[in-house]
Each structure stands twice: as structure tokens, then as C-alpha cells.
Amino acid sequence: MISQTVFRLNISQKVGLGHFKRLLILKKKLDIKPLWILSGDKEIIQKLFKNKNFIYFSNYKNEVKYIPTLKQKGFKKVVFDIANSLYVKNNKNLKLIKAYKKNKLKTVSFDIPYQRSVSDISILPYDFKRKKNNNIKN
Numbered sequence: 000m001i002s003q004t005v006f007r008l009n010i011s012q013k014v015g016l017g018h019f020k021r022l023l024i025l026k027k028k029l030d031i032k033p034l035w036i037l038s039g040d041k042e043i044i045q046k047l048f049k050n051k052n053f054i055y056f057s058n059y060k061n062e063v064k065y066i067p068t069l070k071q072k073g074f075k076k077v078v079f080d081i082a083n084s085l086y087v088k089n090n091k092n093l094k095l096i097k098a099y100k101k102n103k104l105k106t107v108s109f110d111i112p113y114q115r116s117v118s119d120i121s122i123l124p125y126d127f128k129r130k131k132n133n134n135i136k137n
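Going by numbering that gives the first Met the number 0, the residue at position 112 of the sequence shown is 111; the numbering climbs one at a time, nothing skipped.
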């Protein structure tokens, strides 16, 4: 059975695989079967999501049109892990989250510290107290 939760992320060769792994861990910890809403490299997505319930959107406009359908189908919350450099630079992540909130869906997002948050719950997955070790060689 699908839960009332949507996981939203972008996946391509440059971004998203770490975000995907983080959401897989969250899925396992919460013991849920979310609906995945994805954008990015369709070929990579199809390989990763062979047996998973997902919806692919190639553009923002089509995704926004679909949001009311999610609400009608009983989905109540959306977990976003879309804070990558391209989305943040153009505030696309904030615009997308606002579109879901406009449709009365609860929002949770993994965010970056230097951008304001518009989600109901914002998670900053960084350790700010840990000091940088300059002795580590790359």
C-alpha cells in the first residue's frame, strides 16, 4: 500500500544520487512506501526506479498542473530533497515548494543554510560544529 507521502527529487549524472540515497534511508526508517515524483535524466531514473511507484515530470508547468490530483488521491505531505545549485540559484526549489503548499499539502524539505526556507519543516543536514580538517588530502 502506498503511504500518504510523496518524495520529490531531481536525479541526473551531476545531482541527486546522494539525495536519492538520503530519501531511501528515510523511507526505510519511516517504514513507508512513498510515491516518488522525479525530474531530471529520464534514462537514469528508469534504471533506478524499475520496480518503484514514481511519476516523472520533464517540466515545472506540468508538475504544477498535477499537484491538485495528488491532493484528490489522498496525499498529505511532500518531502523535498531538491536543493541543488541550479535550483537554488534560480529559486526553483522555493517556487516548487510554494506550489505544493498552495494546494494545502504539508511540506518538509532538506535545505541549505544560506537560503530561506518556505517549508512547514526544514531540515539542514549539515554539522556546523565540526571543524574543517585541513590535513586531509584529496
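Built from N, CA and C at the ideal position, the CB exists for glycine as well.
| field | Cut-off 8 angstroms between Cβ atoms - residues of its own chain near R139, not counting five sequence neighbours on either side | value | In the structure as shown, the chain begins at 0 and stops at 137. Residue 139 is therefore absent and cannot be evaluated.
| request: Kindly list the residues whose CB is nearer than 8 angstroms to the CB of K75, restricted to its own chain and excluding five residues on each side of it in sequence; keep chain order. | output: As a working note, residue 75 is residue 76 in the sequence shown. Same-chain partners within the cutoff: Q3, T4, L104 and K105.
| If you draw a straight line from the C-alpha of K49 to the C-alpha of N61, how long is it? | Position 50 of the sequence shown, counted from the start, is the residue given in the question as residue 49. Position 62 of the sequence shown, counted from the start, is the residue given in the question as residue 61. Straight-line Cα distance between these residues: approximately 22 angstroms.
| task | Grab me the residues of I31's own chain with a C-beta within less than 6 angstroms of its C-beta, minus the 5 sequence neighbours each way, in chain order. | result | Position 32 of the sequence shown, counting from 1, holds the residue named residue 31. Same-chain partners within the cutoff: S2 and T4.
| request: Report buried or exposed for I44, applying the criterion of at least 16 other Cβ atoms within 10 angstroms of its Cβ. | output: In the sequence shown, residue 44 corresponds to position 45, counting from 1. It is buried - the Cβ of I44 has at least 16 other Cβ atoms within 10 Å.
| task | Enumerate, from N- to C-terminal direction, the unbroken beta strand (DSSP E) stretches of 3 or more residues contained entirely within the stretch 51 to 84. | result | 53 to 55 and 76 to 80
| task | Report the three-state DSSP secondary structure of V87 (helix, strand or coil). | result | Translated into positions along the sequence shown, residue 87 becomes position 88. Of the three classes helix, strand and coil, the one that applies to V87 here is helix, per DSSP.
| message | According to DSSP, is K97 part of a helix, a strand, or is it coil? | response | For this step, residue 97 is matched to residue 98 along the sequence shown. Helix, per DSSP.
| said: Which residues does DSSP list as the beta-bridge partners of K105? | reply: On the sequence shown, position 106 is the one that residue 105 refers to. BP columns for K105 point to K76.
| query | What separation, rounded to the nearest whole angstrom, lies between the Cα atoms of L47 and Q114? | reply | In the sequence shown, counting from the first residue as 1, residue 47 sits at position 48. In the sequence shown, counting from the first residue as 1, residue 114 sits at position 115. Roughly 29 angstroms separates the two Cα atoms.
| task | Give the secondary structure of Q12 by DSSP, where H, G and I count as helix, E and B as strand, and everything else as coil. | result | Reading the sequence shown from its first residue, position 13 is the one you call residue 12. Q12: coil per DSSP, three-state reduction.
| said: DSSP three-state label for L138, please. | reply: Residue 138 falls outside the range modelled here, since the chain spans only 0 to 137, and no answer is possible.
| said: Quick check on L47: does DSSP put it in helix, strand or coil? | reply: For the purposes of this step, residue 47 is taken as the residue at position 48 of the sequence shown. Looking at L47 - three-state DSSP - the assignment turns out to be helix.
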